[in-house]
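Residue numbers for the sequence shown follow our numbering, so the first one is 267 and each next one is one higher.
C-beta: ideal position from N, C-alpha, C; glycine also.
As the structure is a prediction and not an experimental result, all values here were calculated from the model.
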Amino acid sequence: MNQWHLFLAFFRVVMLGIMAIDFFRESYEGAGLVQMVCLAATSALLMFGKWRLHPAYVIALALVYGAVFLSP
């Protein structure tokens, strides 16, 4: 890899980190700490636990949960 590819790889990692931090900050402010931790833990268990569910299904389930329980 030349220097340009290394720079782009580093840039992508930094941008994804910033997006993740913003996501957690906004969900903490919007839904609260308990909801955020419960959704994150449940998502991790569904994706990496016994069921090994595809991330697209986990996102769809989280959207349904948010629409039902978190909408005003």
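Taking C-beta to C-beta, are Leu305 and Ala328 nearer than 9 angstroms?
For this step, residue 305 is matched to residue 39 along the sequence shown. For this step, residue 328 is matched to residue 62 along the sequence shown. Against a cut-off of 9 angstroms, the Cβ pair of Ala328 and Leu305 comes out as a contact.
If you drop the 5 nearest sequence neighbours on each side, which residues of the same chain put their C-beta closer than 7 angstroms to that of Ser309?
Locating residue 309 in the sequence shown gives position 43, counting from the first residue. Closer than 7 angstroms at the Cβ level, and outside the excluded window around Ser309, lie Val324, Ala328.
For a test of the three-state rule: what should DSSP assign to Trp270, helix, strand or coil?
Counting from one through the sequence shown, the residue named residue 270 turns up at place 4. Trp270: helix per DSSP, three-state reduction.
Grab the span of the alpha helix (DSSP H) containing Leu329 for me, first residue to last.
Translated into the one-based positions of the sequence shown, residue 329 becomes position 63. Note, Leu329: alpha helix (DSSP H), 321 to 331.
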